[in-house]
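Novice:
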Amino acid sequence: MYRAFDCSSSNEHIHELLQRYGLRSSLLRLKIIGILQDAVAQGRSISVRDVHEKLHALELTVISIREALKRLSAVGVIVANPDRTYSLAAEALLMLGTGQQPQGRVA
């Protein structure tokens, strides 16, 4: 079991999460995890299109976002749900200390 991170900056816990999964921190990954945290707080999962809409200021393509989501899913940070939405994986939720249960079924 993991404890919540002791965060000195608003994204430090996400940096640590990505590092534990062997991933470098990139602006896109930080933003995606933040968006998924917001979705968890609202009790829902989120689609590629939803992520794209929330990241419109970064001028990224849907393909770039989809690839980032696939990579995060491949290492287990997020879960690709059967309805083509994404959620934070249960272990990531514990590591981030959200106290929320994962949405959707684990694929």
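When you line the sequence shown up against my numbering, it's residues -11 to 95, in that order.
Don't be surprised by glycine CBs; every beta carbon is placed ideally from N, CA and C.
#1: Are Val39 and Ile53 close, meaning C-beta to C-beta below 8 Å?
#2: Might you give, ordered along the chain, the residues of its own chain that have their beta carbon closer than 6 Å to the beta carbon of Gly64, omitting 5 neighbours on each side?
#3: Can you tell me which of Tyr9, Leu11, Ile21 puts its alpha carbon nearest to the alpha carbon of Leu43?
#4: Measure the CB-CB distance between Leu57 and Val28 and report whether it falls below 8 Å.
#5: Just grab the DSSP bridge partners of Val39 for me.
#6: Excluding the 5 residues preceding and the 5 following Ile2 in the sequence, name in chain order all residues of the same chain whose CB lies nearer than 6 Å to its CB.
Specialist: Taking the structure as given:
#1: By one-based count along the sequence shown, residue 39 stands at place 51. By one-based count along the sequence shown, residue 53 stands at place 65. By the CB criterion at 8 Å, Val39 and Ile53 fall inside the cutoff.
#2: For the purposes of this step, residue 64 is taken as residue 76 along the sequence shown, with counting starting at 1. Apart from sequence neighbours up to five positions away, the residues of its chain that approach Gly64 with a beta-carbon distance below 6 Å are Ala77, ordered along the chain.
#3: Position 55 of the sequence shown, counted from the start, is the residue given in the question as residue 43. Leu43 has its Cα closest to that of Ile21, out of Tyr9, Leu11, Ile21.
#4: If you number the sequence shown from 1, residue 57 lands on position 69. If you number the sequence shown from 1, residue 28 lands on position 40. Going by C-beta atoms, Leu57 is not nearer than 8 Å to Val28.
#5: As a first step, residue 39 is located in the sequence shown; it is residue number 51 there, counting from the start. In DSSP, Val39 forms no bridge with anything.
#6: Here residue 2 corresponds to residue number 14 of the sequence shown, with the count starting at 1. Same-chain partners within the cutoff: Leu18, Ile21.
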